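Listed in order, the protein sequences are those of chains A and B. Just so we're aligned: 417 in numbering that gives the first Met the number 0 is position 418 of the first sequence, and the numbers increase by one with no gaps anywhere. Just so we're aligned: 96 in numbering that gives the first Met the number 0 is position 97 of the second sequence, and the numbers increase by one with no gaps anywhere. Even glycine gets a Cβ: it sits at the ideal position worked out from N, Cα and C. On a predicted model such as this, the values are computed, not experimentally measured, just so you know. One structure is given below, encoded as structure tokens.
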Amino acid sequence: MDVLEFIANNIFNEVAILIGLITLVGLVLQRKPVDDVVGGAVRATVGIIILFIGVEVFVGGLASFQAIVASAVGLDPPAATNTLDGFLGSHGGNVAMIITCGFILHLALVRILKTRYVYLTGHLLFWMSLVVTACIVQAFGEIDQWRLVLVGSIIVGCYWTVQPVFIAPMMRKVISSDDWGYAHTSSSVAWIAGKVAPLAGDPKQHDIEKIHVPKKFSFFKDVTVSTAVVIGVIMLVGLIFADSDVAAEQAAAYDPEINSWVWGFIAALRFAAGIAILLYGVRMFLAEIVPAFTGISQKAIPGSRPGLDAPTIFPVAPTAVMVGFLTTTVTFLILMGVFAAAGWFVLVPPMIMLFFVGAGAAVYGNAFGGWRGAALAGVITGFALAFGQWAGWHLLSDTAPELATLADPDWYLMILVVLGLGELFSGLGENAVLLVGVVIAAVFGVWLWILKRIQRRAGEPVTGLEKESELTEQSSGEQ
Amino acid sequence: MNQANRELKVLTVCGVGMGSSLILRMNAEKALSTLGVSAKVEHTDVSSARSMKADVVIAQGLHTDDLTGVAPVVIPISNFMDVDGLRQQLDEALRGQGWL
Chain A
0 MDVLEFIANN IFNEVAILIG LITLVGLVLQ RKPVDDVVGG AVRATVGIII
50 LFIGVEVFVG GLASFQAIVA SAVGLDPPAA TNTLDGFLGS HGGNVAMIIT
100 CGFILHLALV RILKTRYVYL TGHLLFWMSL VVTACIVQAF GEIDQWRLVL
150 VGSIIVGCYW TVQPVFIAPM MRKVISSDDW GYAHTSSSVA WIAGKVAPLA
200 GDPKQHDIEK IHVPKKFSFF KDVTVSTAVV IGVIMLVGLI FADSDVAAEQ
250 AAAYDPEINS WVWGFIAALR FAAGIAILLY GVRMFLAEIV PAFTGISQKA
300 IPGSRPGLDA PTIFPVAPTA VMVGFLTTTV TFLILMGVFA AAGWFVLVPP
350 MIMLFFVGAG AAVYGNAFGG WRGAALAGVI TGFALAFGQW AGWHLLSDTA
400 PELATLADPD WYLMILVVLG LGELFSGLGE NAVLLVGVVI AAVFGVWLWI
450 LKRIQRRAGE PVTGLEKESE LTEQSSGEQ
Chain B
0 MNQANRELKV LTVCGVGMGS SLILRMNAEK ALSTLGVSAK VEHTDVSSAR
50 SMKADVVIAQ GLHTDDLTGV APVVIPISNF MDVDGLRQQL DEALRGQGWL
């Protein structure tokens with residue numbers, strides 16, 4: 000027993016060590032030379048350590064931002080009983096287990112159900128697993144590790160399998176090919192954008208290439224810069240209206256000698272730096288794990304297509320990318336003012352999501368409704384992110400509320416679904432969590448079945464075995 | 000000048016350096032190995048890339064304007080999964096620079 004307990008406490012609860020070992024196994028399975036195996040495992044482990052340091056800096060910067068803005072508009076800063084770094088410290092190992100088991104389950108589902116797309120957007124393998132872990136712990140408290148990992152893996156495995164499938168017919172219109180799928184947690188707003196865009200405009204009549212976006216906005220594409228600038232401006236404006244005691248207290252915690260204004264500027268830069276550091280850590284461990292996942296899936300699932308990140312569709316419509324980013328950001332900032340005036344909640348502009356989700360949805364909007372569709376997609380995204388942040392923070396306040404400020408629209412839906420089911424089954428004792436897994440698997444199963452029927456009727460390829468030529472024949476027939 | 004006795008340094012770049020740049024890196028590795036070029040390929044985000052030096056930068060067109068000066072060769076990408084197209088672009092560019 001002592002050995003098992005040692006393993007549980009020192010490996011399965013220590014995410015850095017667990018990720019290092021998973022990477023080691025992945026690299027050995029790929030028969031990499033010894034130096035690659037050792038180097039890769041160490042880089043992945045250090046990546047996780049860096050991620051933790053970044054999260055600490057980010058959470059600190061976020062707390063200062065919220066304190067100042069809350070004081071400026073006369074609200075209480077959003078309350079929470081736990082933080083993201085605390086939650087990662089206690090449940091990081093479970094997250095690592097859920098990424099691995101969930102991905103293996105996903106591969107099995109793609110192979111058995113012939114769903115065509117393998118989810119390869121690495122950072123979303125990580126973040127979705129983290130969100131689902133937080134939801135289960137929020138709903139059921141400290142439960143058995145095996146129940147948590149089992150149910151978490153089922154939920155993420157089902158999500159990764161169905162998400163690229165449901166958006167596939169639109170995705171094929173967007174990229175005019177079937178080389179890869181769209182595997183990104185902006186899929187819900189992208190889908191809505193594709194559906195409502197035709198009401199707003201026409202892709203030919205309202206051609207987006209006639210729109211000229213001024214070059215001076217282009218530095219905003221660099222999300223580190225745009226985060227620092229936008230948070231910095233809001234921070235300095237906030238300091239004008241904030242209670243000077245609150246500002247002095249926050250500043251003194253950083254440096255007792257520093258002037259509040261200078262501190263405010265530095266705090267905004269530290270916020271951006273925290274995000275840059277945590278992304279650097281994520282990048283470092285994903286760089287070792289994703290190629291292993293890719294290699295295994297290419298061997299295991301013939302005929303499958305990779306499901307890829309949002310920027311892979313940006314080259315289709317670069318102007319839509321800028322239009323989407325600008326309209327999403329403007330919508331979010333207006334809503335931030337509305338929330339403040341109404342005394343609801345301190346919103347934090349999430350520049351990464353405003354860019355990637357807004358741009359992704361706008362590319363879909365553009366494909367189905369020209370520039371009007373793209374702009375409408377941005378507005379929809381702004382609303383989804385603002386209301387999602389408000390709801391998500393409250394719903395995850397005992398686990399990792401900061402996730403709400405780093406989240407994409409699909410995360411919010413996932414939070415609502417898992418916590419809603421948790422609420423529904425809460426009176427049923429310790430096995431209620433298993434019921435959540437069963438219900439979600441059933442819902443995804445039925446959804447997939449319906450999707451395949453609809454897509455087959457529409458003449459869309461629905462398994463990994465149809466040839467690309469069938470698709471091109473069909474689309475050339477239309478023209 | 001014959002540069003072929005040194006390893007080619009390649010940087011693939013995307014917005015935050017996690018998803019599409021990693022896919023580009025794997026495709027670039029495939030393309031370069033079919034060309035028989037010995038290369039070290041790394042992936043990163045736009046901000047970090049600007050402080051780095053490389054022989055070749057591969058990025059989507061949206062970012063190439065921000066990456067001049069990082070490398071003598073900047074290759075814009077329009078289809079992330081087109082390994083053959085990338086191989087042709089690399090072939091042409093590397094011939095121009097004396098790598099092939």
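Rounded straight-line distance, which links the Cα of residue j to that of residue i
i	j	result
A:Glu-472	A:Asp-178	Low per-residue confidence applies at A:Glu-472: pLDDT is 45, beneath 50, and the placement is therefore not dependable enough to give any value.
A:Asn-8	A:Ile-18	15 Å
A:Pro-408	A:Leu-87	22 Å
A:Thr-293	A:Leu-119	7 Å
A:Met-169	A:Asp-201	16 Å
B:Val-61	A:Ile-207	Note on identity: in this sequence residue 61 of chain B is Leu, with Val being the wrong assignment. If you take the alpha carbons of B:Leu-61 and A:Ile-207, they lie about 16 Å apart.
A:Ala-383	A:Asp-1	48 Å
A:Ala-339	A:Ile-239	15 Å
B:Val-45	A:Pro-213	20 Å
A:Asp-221	A:His-211	20 Å
A:Val-72	A:Ser-243	13 Å
B:Ser-32	B:Lys-39	11 Å
B:Ser-77	A:Ile-257	48 Å
A:Ile-111	A:Val-347	42 Å
A:Val-56	A:Thr-380	27 Å
B:Thr-63	A:Leu-28	36 Å
A:Thr-25	A:Thr-99	Per the sequence shown, residue 25 of chain A should be read as Gly rather than Thr. Going by the C-alpha atoms only, they are around 11 Å apart.
A:Ile-52	A:Val-58	10 Å
A:Thr-404	A:Ala-272	16 Å
A:Ile-312	A:Glu-248	46 Å
B:Leu-34	B:Arg-86	7 Å
A:Ala-133	A:Asp-308	23 Å
B:Ala-48	A:Pro-290	21 Å
A:Gly-364	A:Lys-194	8 Å
A:Trp-343	A:Pro-349	18 Å
Residue environment, residue i, which counts as buried when at least 16 other CB atoms sit within 10 Å
i	result
A:Trp-389	buried
A:Leu-447	buried
A:Val-164	buried
B:Leu-93	buried
A:Gln-204	exposed
B:Asp-54	buried
B:Ser-50	exposed
A:Trp-145	exposed
A:Ser-303	buried
A:Gly-323	buried
A:Ile-49	buried
B:Val-69	buried
A:Ile-449	exposed
Residue j beta carbon less than 9 Å from that of residue i
i	j	result
A:Pro-400	A:Trp-392	yes
A:Ser-396	A:Asn-81	yes
A:Ala-196	A:Ala-366	yes
A:Arg-456	B:His-42	no
A:Val-68	A:Ile-233	yes
B:Val-73	B:Val-56	yes
A:Thr-44	A:Ala-15	yes
A:Ile-288	A:Ile-453	no
A:Gly-92	A:Phe-5	no
A:Thr-398	A:Val-136	yes
A:Tyr-181	A:Ala-192	no
A:Met-127	A:Met-413	yes
A:Arg-115	A:Gly-463	yes
B:Phe-79	B:Asn-26	yes
Expected contact under 8 Å - CB spacing of residue i and residue j to nearest Å
i	j	result
A:Gly-377	A:Thr-330	6 Å
A:Ala-440	A:Ile-153	5 Å
A:Arg-269	A:Gly-85	The pair is not a contact, with the Cβ atoms about 19 Å apart (cut-off 8 Å).
A:Val-417	A:Val-435	7 Å
A:Thr-184	A:Leu-108	About 18 Å separates the two Cβ atoms, so there is no contact after all.
A:Pro-310	B:Gly-18	7 Å
A:Tyr-253	A:Trp-262	6 Å
A:Leu-74	A:Val-345	6 Å
is_contact[residue i, chain C] using C-beta, thresh 9 Å
i	result
A:Lys-203	Any reference to chain C falls outside this structure, whose protein chains are A and B.
| request: Anything in the segment 15-39 of chain B with a Cβ closer than 7 Å to a Cβ of chain A? List those residues in chain order, please. | output: If the cut-off is 7 Å between Cβ atoms, the segment 15-39 of chain B has Val-15, Gly-16, Met-17, Gly-18, Ser-19, Leu-21, Ile-22, Met-25 near chain A.
| task | With 9 Å as the limit, tell me which residues of the segment 39-62 of chain B have their beta carbon closer than that to any beta carbon of chain A; keep them in chain order. | result | Those residues of the segment 39-62 of chain B that come within reach of chain A (Cβ to Cβ, closer than 9 Å) are Glu-41, His-42, Thr-43, Asp-44, Val-45, Ser-46, Ser-47, Arg-49, Gln-59, Gly-60, Leu-61, His-62.
| query | Which of the residues in the segment 65-81 of chain B, read from start to end, lie with their CB under 8 Å from any CB of chain A? | reply | Asp-65, Ile-76, Ser-77, Asn-78, Phe-79, Met-80, Asp-81
| chain B contacts made by the segment 310-343 of chain A, where a contact means CB separation under 7 Å | Pro-310, Thr-311, Phe-313, Pro-314, Pro-317, Val-320
| Interfacial residues, the segment 119-150 of chain A to chain B, with Cβ spacing under 9 Å | Leu-119, Thr-120, Gly-121, His-122, Leu-123
| task | Pull out every residue of the segment 173-207 of chain A whose Cβ sits closer than 7 Å to any Cβ of chain B, in chain order. | result | Asp-178, Trp-179
| message | At a CB distance below 9 Å, what residues from the segment 209-228 of chain A approach chain B? Give them in sequence order. | response | Lys-214, Ser-217, Phe-218, Lys-220, Asp-221, Val-222, Thr-223, Val-224
| task | Determine which residues of the segment 418-436 of chain A have a Cβ less than 7 Å from any Cβ of chain B, and write them out in chain order. | result | none
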